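Trainee: Residue numbers (numbering that gives the first Met the number 0): 0 to 343. Take a look at this one; I'll ask things after.
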Amino acid sequence: MEDELLSSWLVRTALAHGCAPLALSGIVWPKWRAFGNDLDRGMRTERAASLGRLAGCTVAQVESCSLHSLVETLTDKPTAPVGTWPWILARGSRNLRCAAGLQLCPSCFAEAVPYYSIRSRLAWHTVCARHQTWLIDHCPNCWAALQPHCLLPPHQDCCACHRCGYLLSTTLVEKAPDSFLAFQQAADECLAGRQVTQCQSMATHDWFCWARSIVSFVRFASLHPSRSLIAVLDELGIGTIGVNCSGLAFEALPVRDRAVLLRQAWKIMSLDPMILVKVFRAHELPRSAIQLPRGSSVPSSLSIIVQALRDGPKKHRSRRVSGGARPNAAKAWARLLRKFSRDG
Ligand SMILES: [Zn+2]
Ligand SMILES: [Zn+2]
């Protein structure tokens with residue numbers, strides 16, 4: 000498939016020939032536990048060449064299925080071989096098990112050959128744009144994270160849950176409101192190199208850097224709901240944040256949590272930058288509230304917003320209102336859920 004992840008193609012090829020995906024990967028790379036790594040992030044040239052020789056394709060074709068070139072568009076920083084990549088869902092691999100990192104649309108799986116697309120790894124994708132239904136990132140029957148590489152024959156494709164055999168294409172789908180698609184559509188437009196409203200003449204990696212900063216602001220407001228921050232949000236017309244902030248990295252959050260964060264972030268990103276400047280200045284919002292990704296600089300078109308933030312101590316934290324999130328307990332619970340999704 001044109002936009003298929005390499006891991007998905009390997010799984011489908013193995014199962015179609017009555018072979019376990021792990022066995023096939025052992026034949027292609029006898030000295031490398033391919034599925035013990037996030038092989039969709041790319042591999043050494045000699046490993047791509049090994050696969051290319053057996054599959055009858057070039058190294059460039061193998062590498063085009065990886066997420067590496069895509070993530071270089073999203074950030075101007077070099078990608079680390081380990082750790083979470085910005086905007087790419089984290090797999091949370093341990094041995095051959097994964098805690099998360101893949102998602103699918105049950106209707107798309109039911110209508111055509113089921114496969115995992117490159118889009119299924121993008122953290123801003125939470126809704127199927129075609130069916131406008133929520134994506135799923137775990138089996139609704141046993142709650143296992145989607146791990147198609149653990150499927151075994153007689154399964155012939157990647158439509159089933161590896162743990163309980165539930166047919167993922169039969170999952171009852173739920174419509175997602177339009178407002179949850181807005182950020183996703185804008186990010187897709189930006190990735191395709193088209194200009195996005197309110198962010199004219201901004202480079203793609205600058206737009207994603209700005210989006211990441213606003214997402215961090217929404218999380219900050221949810222974790223530290225001081226009176227002044229609530230006043231800022233009220234004045235911006237955002238109202239209650241309503242985000243369940245576990246403290247996990249954005250790329251490790253479940254579908255619905257990411258969707259809520261992105262919907263709120265989009266409300267802020269859609270505002271005229273001068274309104275943000277005025278409100279941030281009026282309420283002396285601290286610089287710590289909007290954090291740029293490490294090593295990033297402010298896109299020149301938005302530097303005026305960052306300059307409106309107040310330097311100095313984080314005094315907003317000490318005036319927390321009641322009813323705010325309890326990040327430590329929520330984070331521990333979220334980690335437990337991820338462990339259960341991976342290990343059962
Ligand atoms: Zn769909
Ligand atoms: Zn299951």
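Ideal Cβ positions, reconstructed from N, Cα and C, are used throughout, including at glycine. No experiment lies behind these values; they were computed from the predicted model shown.
#1: In three-state terms, what does DSSP make of Leu121?
#2: Would you kindly check if the distance between the Cβ of Phe179 and the Cβ of Ala258 is under 8 Å?
#3: Is Asn140 near ligand 2, going by C-beta to nearest heavy atom under 7 Å?
#4: With a 10 Å radius around its C-beta and 16 neighbouring C-beta atoms as the bar for buried, classify Ala13 as buried or exposed.
#5: Quick check on DSSP: helix, strand or coil for Glu3?
#6: Between Arg40 and Leu4, what straight-line distance do the alpha-carbon atoms span, to the nearest angstrom?
#7: Alpha helix (DSSP H) containing Phe279: first to last residue?
#8: If the criterion is Cβ atoms closer than 8 Å, does the pair Ala210 and Met268 meet it?
#9: Just to confirm, are Met170 and Ile213 a CB contact at a threshold of 8 Å?
#10: Any heavy atom of ligand 1 closer than 7 Å to the beta-carbon of Ser106?
#11: Give me the Cα-Cα distance between Leu270 and Thr83, rounded to the nearest whole angstrom.
#12: Is it buried or exposed, Ile117, if we count other Cβ atoms within 10 angstroms and call 16 or more buried?
#13: So, at 6 Å on beta carbons, what are the nonlocal neighbours of Leu101 in its own chain, with the 5 sequence-adjacent residues on each side left out?
#14: Taking Ala19 as the reference, give the member of Leu103, Pro80, Leu69 and Leu151 with the closest Cα.
#15: What's the call for Ser24, buried or exposed, on a 16-neighbour Cβ count within 10 Å?
#16: Are at least three pairs of beta-carbons, each pair with one atom in the region 181-195 and one in the region 46-65, less than 8 Å apart?
Mentor: Reading from the atomic positions:
#1: To locate residue 121, count along the sequence shown from 1; it is residue 122. It is a strand residue.
#2: Walking along the sequence shown from the start, residue 258 turns up at place 259. Walking along the sequence shown from the start, residue 179 turns up at place 180. Yes.
#3: As a first step, residue 140 must be located in the sequence shown, where it is residue number 141. Yes, the Cβ of Asn140 comes within 7 Å of a heavy atom of ligand 2.
#4: Taking the first residue of the sequence shown as position 1, residue 13 is located at position 14. By the 10 Å Cβ count, Ala13 comes out buried.
#5: As a first step, residue 3 is located in the sequence shown; it is residue number 4 there, counting from the start. Secondary structure of Glu3 (DSSP, three-state): strand.
#6: Counting from one through the sequence shown, the residue named residue 40 turns up at place 41. Counting from one through the sequence shown, the residue named residue 4 turns up at place 5. Their backbone Cα atoms lie some 10 Å apart in a straight line.
#7: Position 280 of the sequence shown, counting from 1, holds the residue named residue 279. Note, Phe279: alpha helix (DSSP H), Pro272 to Ala281.
#8: As a working mapping, residue 210 is identified with position 211 in the sequence shown. As a working mapping, residue 268 is identified with position 269 in the sequence shown. For Ala210 and Met268, yes; Cβs fall inside 8 Å.
#9: Within the sequence shown, numbered from 1, the residue matching residue 170 stands at position 171. Within the sequence shown, numbered from 1, the residue matching residue 213 stands at position 214. The residue you asked about is not Met; residue 170 is Thr in the sequence shown. No; because the gap between Cβ atoms is not below 8 Å, this pair is not in contact.
#10: Reading the sequence shown from its first residue, position 107 is the one you call residue 106. Proximity of the beta carbon of Ser106 to ligand 1 is indicated: a heavy atom of the ligand is located closer than 7 Å.
#11: Here residue 270 corresponds to residue number 271 of the sequence shown, with the count starting at 1. Here residue 83 corresponds to residue number 84 of the sequence shown, with the count starting at 1. Taking the straight line from one Cα to the other gives about 30 Å.
#12: Here residue 117 corresponds to residue number 118 of the sequence shown, with the count starting at 1. Its Cβ being crowded by 16 or more others within 10 Å, Ile117 is buried.
#13: On the sequence shown, residue 101 is found 102 positions in, with the first residue counted as 1. So the qualifying residues of the chain are Tyr115, Ser119 and Leu145.
#14: The residue given as residue 19 occupies position 20 in the sequence shown. Ala19 has its Cα closest to that of Leu151, out of Leu103, Pro80, Leu69 and Leu151.
#15: Here residue 24 is taken as the residue at index 25 of the sequence shown, counted from 1. Result: buried.
#16: no
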